[in-house]
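Worksheet: the structure to be examined is printed underneath.
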Amino acid sequence: MSTELLLKEYLHKLKLPAVAQHYKSFARTAAETNRTYEEYLCALLEQEILSREESALKNRIRRANFPYFKTLEEFDFTALPGLSKPKVLTLSRGEYIKAKENIIFLGNSGTGKTHLAIALALCACRQGYRVRFYTAGYMGGIWSRRSQKVPGIPGQV
C-alpha cells in the first residue's frame, strides 16, 4: 500500500478529517516557507481543532430547532426605549447561564421577544452551550399533556 493511501487510512481511523483534507496543501506551504516539522504539525492540528469547533457550532445551532435566525445586531433597540441595550448585551455574554438564572421576555405581540430569545440563544451556542428553542405555546401544550398523565408512568416530560 502506498504511503499516501496508508496515511489517509490512518487519518480516517484516528478521525482527523481536516488533517486528511489539508495535509498536502499545508506541506507545500511549509516547504515553501521553510517551516519546521513542528510548525507544520501545529498548523495542521490547529486546522483540525478549528474545523471541529465549527462543526460543533453548526450542530448546536441545528439541534436548537430555531424557527429562523435573528441576531442582536439586527434588533432595533430604538423601537423599544424601555429596553436596556446594555442589559441585553450583558445577557449576550451568558453570565446568567453560569449563574443558573432564567430570562423571561414579556410584552405585546410584535415587540421582539422571539427575536431577542433567538439572538441570545445563538450567542449561547457560540459560547459552547447547547440550547433548545420552544415557543410558550409549545411548552404550554407539554405541561397540559403532562398534567393529564398518571404519575409514575415512564415517558413523562
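For what it's worth, this note's numbering labels the leading residue of the sequence shown as 613, then goes sequentially. C-beta atoms are modelled at their ideal positions from N, C-alpha and C, and glycine is treated no differently.
6 angstroms CB neighbourhood of residue i in its chain, flanking five on each side removed
i, result
"S637", "none"
"Q760", "none"
"L755", "The sequence given here places Trp at residue 755; Leu does not occur at that position. There are no such residues."
With 16 other Cβ atoms within 10 Å as the buried cut-off, status of residue i
i, result
"R672", "buried"
"Y595", "With the chain covering 613 to 769 only, the question about residue 595 has no answer from this structure."
"I730", "buried"
Cut-off 7 angstroms between Cβ atoms - residues of its own chain near residue i, not counting five sequence neighbours on either side
i, result
"G724", "F687 and L692"
"S696", "none"
"L656", "V631, H634, Y635 and F638"
"F689", "L695 and K697"
"A643", "none"
"Q739", "G706"
"S704", "L684, L732 and C735"
8 angstroms CB neighbourhood of residue i in its chain, flanking five on each side removed
i, result
"L701", "L684"
"F745", "A676, N677, F678, P679, A729, I730 and A733"
Candidates the options: closest to residue i by CA position
i, options, result
"S721", "A748, Q659, S759 and A639", "A748"
"K682", "L734, E616 and I754", "L734"
"K712", "Y741, A731 and L718", "Y741"
"A736", "H727, L669 and G752", "L669"
"G706", "V743, L618, T726 and H727", "V743"
"L628", "R674, T726 and S667", "S667"
"L626", "R647, M613 and E660", "E660"
Alpha helix (DSSP H) runs wholly inside the segment 679-753, at least 4 long, in chain order: You should have 697-703, 707-710 and 725-738.
Any chance you could list the alpha helix (DSSP H) runs of at least 4 consecutive residues sitting entirely within the segment 616-669, in chain order? Entirely contained in the segment 616-669, the alpha helix (DSSP H) runs reaching 4 residues are, in chain order, 629-644.
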